[in-house]
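Q:
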Amino acid sequence: MGFGMVLRDSNGLHIIGRTMTMSGVYVAEECEAIGLFKALSWIKKLDFRNDLIKMDVKVVMNAFNATDVW
């Protein structure tokens, strides 16, 4: 599995990008959830603030933004 992430400034200009690979077979939602976790970990490591997360898998974003957890 491979995925990429891009950090942009408030004007939408590219700051830095990253790609990663992982072994295994996953469904799309699992890939996106793992990618989100890796992206958030990367953002934290870089000490970025005022982050806006954009993704293309609605089910993962809905879960991420949920206020109730089981």
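Just remember that the working numbering sits 1 ahead of the position in the sequence shown, which is counted from 1. A virtual CB, placed ideally from N, CA and C, is assigned to each residue, including glycine.
#1: Please report the Cβ distance between Leu-37 and Met-56, rounded to the nearest whole angstrom; I am assuming they are in contact, meaning their Cβ atoms lie under 8 Å.
#2: Do you know whose CA, among Asn-63, Met-6, Val-60, lies nearest Thr-22's CA?
#3: Just to confirm the assignment: which complete alpha helix (DSSP H) runs, minimum length 4, are found wholly within the segment 8-52?
#4: Go to Met-2, then tell me how far its alpha helix (DSSP H) extends in each direction, as first and last residue.
#5: Just the Cα atoms here: how many angstroms apart are Ile-54 and Met-2?
#6: What separation, rounded to the nearest whole angstrom, lies between the Cα atoms of Ile-44 and Ala-29?
A: Short version:
#1: Between Met-56 and Leu-37 the Cβ distance is about 7 Å, and since that is below 8 Å, they are a contact.
#2: When each option's Cα is compared against that of Thr-22, the closest is Met-6.
#3: For secondary structure counted as the alpha helix (DSSP H) over 4 or more consecutive residues, the segment 8-52 holds these complete runs in sequence order: 29-47.
#4: No alpha helix (DSSP H) contains Met-2, which DSSP labels as neither H nor E.
#5: Cα to Cα, the separation comes out at about 21 Å.
#6: Looking at the two C-alpha atoms, the distance is approximately 22 Å.
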